[in-house]
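> For reference, the structure I am asking about is given below.
Protein chains in written order, with the working numbering: chain A, 1 to 331; chain D, 1 to 331.
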């Protein structure tokens, strides 16, 4: 990924932004677009749903792996998944980008294309309505997303009911598998499993499925830090215990087994598909609880059930499952 | 400013946040506070106003000058001023904070106190409803603010009318004067003019006055990058020319004259109070245009008038005034 042409610092903020902003499309709900002190977005419901997420160079991403387009795309989809996990329809995004003195204008424009592509593919009625371009020693991408509440009540993490089924919508472990493939000393490995590497670089949460699931869910969240850690959070917030079943998770592990074996056939390999499924983050799939009689939307899969609060937050079959996932400060 | 005790990285994200979040107060309009995938804020009007602004260590602030409290306070007030400049009442903030491996928990907690104090003093019905704590090589503070539109139409930059008066609400040049005082090799100078140094560290825009002004303004904006640069932006957006009068700005310059002389009495000094008034940023006062017959709120001052589009964006008396202010990328 080579980015050529002038550096942003050579153009200055106004000129750099003027060129990059041309990439963005407008949507009907934006009443005042970016370019004033603030933007104005018209919602259908006066309850605005808001979330924010940040990615820091060399901590959350590596420019050797991820293109500017990838990073823009990922910044959008990770935030949109959080809105949908509340049952909200995405309407607007603000994007803060800290660039370095070496960042090229062409990088910025590819990043903008990635942002727009994330909206186009996942939330075509969502616009990039504001942002800030700043200068620093490393790249930082901070996105805030706002959404329109699309149902009577937001879907919280704290309202799972004993007797509910535990449901997942989306992939589990593929992004973590992709990360291990990228990290392998054998650089040909990543090319052998492009699907998993792509999901790591550009998560593609199924927001339509997420919205459908949100309409029947008693509780719901975005799985960003791994199934075990996020399940434990939901269990604690709801004061219940989640009992997951290995047989119901077999399918997620089975598709990753070959990739794990490929990594392990290399000198440094110590991959395990179950670690990815249980503890791997960044798929940005949805974890929900639904009443036992509910009709599941196509693509949602039962992985366990909600039980009375026990000694541990989550169990896998009869064994306590330790929550092990990503901490954004300690890594 | 010494911050002691454990480092954030030693505590981890969850524990560090749990301790810092206790500082924040809740307000009635927050329907779902931080702690879920997203927050939910109940607005009176379904048109949400949104803005974002970022500060990067060693580019936008210096830890030798600004305390953690100062930075939290400034991050809040600069964003709230942007909302008010649209005629919106602040309702919620999300805060992204990138910390380094050396940042102390006590710094984080003072920062949180500064955020809350900014709300308490300027927008008591605004809550910190979300955020993200990340790890990086330098501190970055990115805030997004949302507000409730409090009048029939947002007040734009693009709607100044020929014949209007140009009005300022708030100080001009004090923050820039404070910056030059801090930069002086004579470290006693900053202590001699605490008011200007404080405004640089912790801008205190009069949001109540700003809201009153917004109700009669034909156009309005927050002066963040300096009177000349921001006036030029407003003029261009509205396709008019602003004619400012030196005699109407004399008062702003007069109060800063002594500080300029003090700096100039030192070896390296080359300060000028008129440079501060015309080109200095960061006071976060309000620039507005109002119809000639309008009754100005107490504290708003006329500094010129709106004329038909001429060759230049702005004039000071009969001379074109060059727009010279802050570019957040080139500095």
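Here a beta-carbon is modelled for each residue, glycine too, at the ideal position from N, C-alpha and C.
(1) Which of the three DSSP states, helix, strand or coil, is assigned to residue 304 (chain A)?
(2) Which of the three DSSP states, helix, strand or coil, is assigned to residue 252 (chain A)?
(3) If we cut at 8 Å on Cβ distances, does residue 360 (chain D) have a partner in chain A?
(4) Kindly indicate the opening and closing residues of the beta strand (DSSP E) around residue 285 (chain D).
(5) Compute the distance between the beta-carbons of residue 205 (chain A) and residue 89 (chain A), then report whether it is under 8 Å.
(6) Mind checking if residue 76 (chain A) is an interface residue toward chain D, Cβ cutoff 8 Å exclusive?
(7) Return the CA-CA distance between residue 167 (chain A) and residue 302 (chain A), expressed in angstroms with no decimal places.
(8) Three-state secondary structure (DSSP) at residue 35 (chain A)?
(9) Thinking C-beta only, is residue 133 (chain D) closer than 8 Å to residue 13 (chain D)?
(10) Taking the Cβ atom as the reference point for each residue, do residue 282 (chain D) and residue 176 (chain D) lie within a distance shorter than 8 Å?
(11) Of the residues A:33, A:255 and A:227, which one's Cα is nearest the Cα of residue 242 (chain A)?
(12) Can you tell me the Cα-Cα spacing of residue 15 (chain D) and residue 32 (chain D), whole angstroms?
(13) Expressed to the nearest angstrom, what Euclidean distance is found between the alpha-carbon atoms of residue 211 (chain A) and residue 84 (chain A)?
(14) Distance check for residue 320 (chain D) and residue 23 (chain D), CA to CA, integer angstroms please.
(15) Kindly examine the ligand COA and report whether one of its heavy atoms sits closer than 7 Å to the Cβ of residue 17 (chain D).
(16) Would you identify the three-state DSSP class for residue 137 (chain D), choosing helix, strand or coil?
(17) Would you decide whether residue 273 (chain A) is buried or exposed? Buried here means 16 or more other CB atoms lie within 10 Å of its CB.
(18) Drop a sphere of 10 angstroms on the beta-carbon of residue 44 (chain D), count the other beta-carbons inside from all chains shown, and report buried for 16 or more, exposed for fewer.
(19) Using a cut-off of 9 Å between C-beta atoms, extract the partners of residue 157 (chain D) located in chain A.
(20) Using a Cβ-Cβ distance cut-off of 8 Å, determine whether residue 1 (chain A) contacts chain D.
(21) With 16 other CB atoms within 10 Å as the buried threshold, where does residue 95 (chain D) fall?
(22) So residue 44 (chain A) contacts chain D; which residues on that side make the cut at Cβ distance below 9 Å?
(23) Taking the C-alpha atoms as reference points, what is the distance between residue 102 (chain D) and residue 250 (chain A)?
(24) Taking only three categories from DSSP, how would you classify residue 24 (chain D)?
(25) Report yes or no: is there a C-beta of chain A within less than 8 Å of the C-beta of residue 142 (chain D)?
(26) Could you check what DSSP says for residue 109 (chain D) in three-state terms: helix, strand or coil?
(27) Does DSSP classify residue 237 (chain A) as helix, strand or coil?
(28) Roughly how many angstroms separate the alpha carbons of residue 291 (chain D) and residue 161 (chain D), rounded to a whole number?
(29) Can you list the residues of chain A that residue 59 (chain D) reaches, using a CB-CB cut of under 9 Å?
(30) Can you pull the DSSP bridge partners for residue 98 (chain A)?
(31) How many Å lie between residue 267 (chain D) and residue 195 (chain D) at the Cα?
(32) Can you check whether the CB of residue 112 (chain A) is closer than 8 Å to the CB of residue 20 (chain A)?
(33) Could you tell me if residue 104 (chain D) is buried or exposed, where buried requires 16 or more neighbouring beta carbons within 10 angstroms of its beta carbon?
(34) Quick one: list the residues of chain D neighbouring residue 154 (chain A), beta-carbon separation under 7 Å, in chain order.
(35) Between residue 7 (chain D) and the rest of its own chain, which residues show a CB-CB distance below 6 Å, the 5 nearest in sequence each way excluded?
(36) Please confirm if residue 222 (chain A) has its CB atom under 8 Å from at least one CB of chain D.
Quick look at the numbers:
(1) Stepping through the first chain from its first residue, residue 304 (chain A) is reached at position 304. The answer is strand: DSSP assigns residue 304 (chain A) an E or B state.
(2) As a first step, residue 252 (chain A) is located in the first chain; it is residue number 252 there, counting from the start. It is helical.
(3) The requested residue 360 (chain D) is not part of the displayed model; chain D covers only 1 to 331.
(4) Within the second chain, the letter at position 285 stands for residue 285 (chain D). Counting along the chain, the beta strand (DSSP E) containing residue 285 (chain D) begins and ends at 285-290.
(5) Stepping through the first chain from its first residue, residue 205 (chain A) is reached at position 205. Stepping through the first chain from its first residue, residue 89 (chain A) is reached at position 89. In this structure, residue 205 (chain A) keeps its C-beta atom at 8 Å or more from the C-beta atom of residue 89 (chain A).
(6) As a first step, residue 76 (chain A) is located in the first chain; it is residue number 76 there, counting from the start. Not closer than 8 Å to any Cβ of chain D, the Cβ of residue 76 (chain A) fails to qualify, so no.
(7) Translated into the one-based positions of the first chain, residue 167 (chain A) becomes position 167. Translated into the one-based positions of the first chain, residue 302 (chain A) becomes position 302. Those two C-alpha atoms are separated by around 4 Å.
(8) By 1-based counting over the first chain, the position of residue 35 (chain A) is 35. Three-state result, residue 35 (chain A): coil.
(9) Taking the first residue of the second chain as position 1, residue 13 (chain D) is located at position 13. Taking the first residue of the second chain as position 1, residue 133 (chain D) is located at position 133. Yes, the Cβ-Cβ distance between residue 13 (chain D) and residue 133 (chain D) is below 8 Å.
(10) For the purposes of this step, residue 282 (chain D) is taken as the residue at position 282 of the second chain. For the purposes of this step, residue 176 (chain D) is taken as the residue at position 176 of the second chain. The answer is yes: Cβ separation under 8 Å.
(11) Taking the first residue of the first chain as 1, we reach residue 242 (chain A) at position 242. Closest in C-alpha terms to residue 242 (chain A), from the list A:33, A:255 and A:227, comes A:227.
(12) Residue mapping note: residue 15 (chain D) aligns to position 15 of the second chain, counting from 1. Residue mapping note: residue 32 (chain D) aligns to position 32 of the second chain, counting from 1. Each residue's Cα considered, the two are about 21 Å apart.
(13) Translated into the one-based positions of the first chain, residue 211 (chain A) becomes position 211. Translated into the one-based positions of the first chain, residue 84 (chain A) becomes position 84. The alpha-carbon atoms of residue 211 (chain A) and residue 84 (chain A) are separated by roughly 6 Å.
(14) In the second chain, counting from the first residue as 1, residue 23 (chain D) sits at position 23. In the second chain, counting from the first residue as 1, residue 320 (chain D) sits at position 320. The alpha-carbon atoms of residue 23 (chain D) and residue 320 (chain D) are separated by roughly 49 Å.
(15) Here there are no bound small molecules, and the ligand COA is not part of this structure.
(16) In the second chain, counting from the first residue as 1, residue 137 (chain D) sits at position 137. Coil.
(17) Position 273 of the first chain, counted from the first residue, corresponds to residue 273 (chain A). Answer is buried; the Cβ neighbour count reaches 16.
(18) Indexing the second chain from 1 puts residue 44 (chain D) at position 44. So residue 44 (chain D) counts as exposed.
(19) Looking up residue 157 (chain D) in the second chain gives position 157. Near residue 157 (chain D) (Cβ distances below 9 Å), the residues of chain A are 35, 36 and 37.
(20) Taking the first residue of the first chain as 1, we reach residue 1 (chain A) at position 1. No, residue 1 (chain A) does not count as interfacial toward chain D.
(21) Working through the second chain from its first residue, we reach residue 95 (chain D) at position 95. Classification of residue 95 (chain D): buried, given that the 10 Å Cβ count is 16 or more.
(22) Here residue 44 (chain A) is taken as the residue at index 44 of the first chain, counted from 1. Within chain D, the residues near residue 44 (chain A) are 46.
(23) Residue numbering aside, residue 102 (chain D) sits at position 102 when the second chain is read from its first letter. Residue numbering aside, residue 250 (chain A) sits at position 250 when the first chain is read from its first letter. Cα-Cα distance, rounded: 42 Å.
(24) As a first step, residue 24 (chain D) is located in the second chain; it is residue number 24 there, counting from the start. If DSSP states are grouped into helix, strand and coil, residue 24 (chain D) belongs with coil.
(25) One-based indexing of the second chain puts residue 142 (chain D) at position 142. With 8 Å as the cut-off, residue 142 (chain D) counts as an interface residue toward chain A.
(26) On the second chain, residue 109 (chain D) is found 109 positions in, with the first residue counted as 1. Three-state result, residue 109 (chain D): helix.
(27) What you label residue 237 (chain A) is simply residue 237 of the first chain in a count that begins at 1. Helix at residue 237 (chain A).
(28) What you label residue 291 (chain D) is simply residue 291 of the second chain in a count that begins at 1. What you label residue 161 (chain D) is simply residue 161 of the second chain in a count that begins at 1. Residue 291 (chain D) and residue 161 (chain D): Cα-Cα distance of roughly 8 Å.
(29) For the purposes of this step, residue 59 (chain D) is taken as the residue at position 59 of the second chain. In chain order: 98, 134, 135, 136 and 137.
(30) Translated into positions along the first chain, residue 98 (chain A) becomes position 98. Answer by DSSP bridge pairing, in chain order: A:134 and A:140.
(31) Taking the first residue of the second chain as 1, we reach residue 267 (chain D) at position 267. Taking the first residue of the second chain as 1, we reach residue 195 (chain D) at position 195. Cα to Cα, the separation comes out at about 23 Å.
(32) To locate residue 20 (chain A), count along the first chain from 1; it is residue 20. To locate residue 112 (chain A), count along the first chain from 1; it is residue 112. A contact, by the Cβ cut-off of 8 Å.
(33) Taking the first residue of the second chain as 1, we reach residue 104 (chain D) at position 104. Result: buried.
(34) Mapped onto the first chain, residue 154 (chain A) falls at position 154. Simply 32 and 40.
(35) Within the second chain, the letter at position 7 stands for residue 7 (chain D). The answer, listed in chain order, is 104.
(36) Working through the first chain from its first residue, we reach residue 222 (chain A) at position 222. Chain D contact via Cβ: present.
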